[in-house]
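In our numbering, the protein residues as written are 2 to 300.
Heads up, the thing below is written out as structure tokens.
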Ligand SMILES: [Zn+2]
């Protein structure tokens, strides 16, 4: 195997891309620790929601990592009408990540320690929106089916984008805080990333091979701090002719909320509705759902 890029850093809050040119496949790997803690610390969520949001943040980084440019954005939104979790949102822009969940406390407590995706969402939908740097939007919506959000994302790629895709996500709470990691691998039928796809075959021999190799990765490997992301790629694909790895965007917790942002939104409401929002001192308090900051507006 020829390695065309050397990466030596330890992978803490890191995103890495890789290409397997001989198999027409590309992938992303991510590890989240401090960023994950920062997003989670803005909320005080019970364990099942923390686990769910951790998985969603990994997926947001893996899919957001497919985009190029500072202005490109990936939004992942899971939604239901009557579910215990009503809304889960994660977004990713140039490595800046944020997320929150809206759920029913009492019903969640009745589900026990480890509820599955269906118990949490009931009949729900997952919307994935890619917004490119030139403001083109691609949105796909798939039912929230399968055992995990990762499986629902795989369905999105195969159904909405005709891209055979394998995704693995691992998340664990330990002494050093919560850590989460994941890998996405997909087959590009034409060979090179960025060119138009000519046809799609889920049974393409190259894809079948790569899916077996990639699918053999364990949760322990994904989370093992002694193993760099590059080392994992090497373990999985060392029999390939070539693997190219590339460092992805620097990851951070980022929220774009500001008083000016909320003033713009509140200013769109009619005056009588704004008056109903006011507290006793005449100001309007707005909470950012993502980072739990409160903005007191004098508008
Ligand atoms: Zn915010």
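The beta-carbon is built from N, C-alpha and C at its ideal position, and this holds for glycine as well.
Beta-bridge partners assigned by DSSP to residue 92: 76 and 99.
Classified as buried, residue 52 has 16 or more neighbouring CB atoms from the shown chains inside 10 Å of its CB.
Close to ligand 1, as judged by a C-beta nearer than 6 angstroms to any of its heavy atoms, are the residues 256, 258, 289, 291, 292 and 294, in chain order.
Spatial neighbours of residue 104 in its own chain (CB-CB distance under 7 angstroms, excluding positions within 5 residues in sequence) are listed in chain order as 50, 85, 86 and 87.
Here residue 205 carries a coil assignment [DSSP, helix/strand/coil].
Residue nearest to residue 30 within the set 48, 54, 249 and 97 is 249 (criterion: CA-CA distance). In the DSSP assignment, residue 44 falls outside any alpha helix (DSSP H), carrying neither H nor E. Rounded to whole angstroms, residue 92 and residue 168 show a C-alpha spacing of 18 angstroms. Of the residues assessed, residue 47 falls on the exposed side of the cut-off, its CB having fewer than 16 other CB atoms within 10 angstroms.
Under the three-state reduction of DSSP output, residue 33 falls in the strand class. In the DSSP assignment, residue 172 falls within the beta strand (DSSP E) that extends over 166-175. Where residue 132 is concerned, the enclosing beta strand (DSSP E) starts and stops at 125-132. Secondary-structure assignment with DSSP links residue 228 through no beta bridge to anything. For residue 187, the uninterrupted beta strand (DSSP E) run begins and ends at 178-188, by DSSP. Collapsing the DSSP output to three states places residue 112 in coil.
For residue 247, the enclosing beta strand (DSSP E) stretches over residues 243-248.
If you ignore the 5 residues before and after residue 141, its C-beta comes within less than 6 angstroms of the C-beta of 129, 157 and 161, all in its own chain and listed in chain order. In the DSSP secondary-structure assignment, residue 143 is bridged to 127.
Cα atoms of residue 117 and residue 125: separation of roughly 13 angstroms, rounded to the nearest angstrom. Separation of residue 252 and residue 283 (C-alpha to C-alpha, rounded to the nearest whole angstrom) is 39 angstroms. Distance from the CA of residue 68 to the CA of residue 26, rounded to the nearest whole angstrom, comes to 16 angstroms. In this structure, residue 61 places its C-beta atom within 8 angstroms of the C-beta atom of residue 100.
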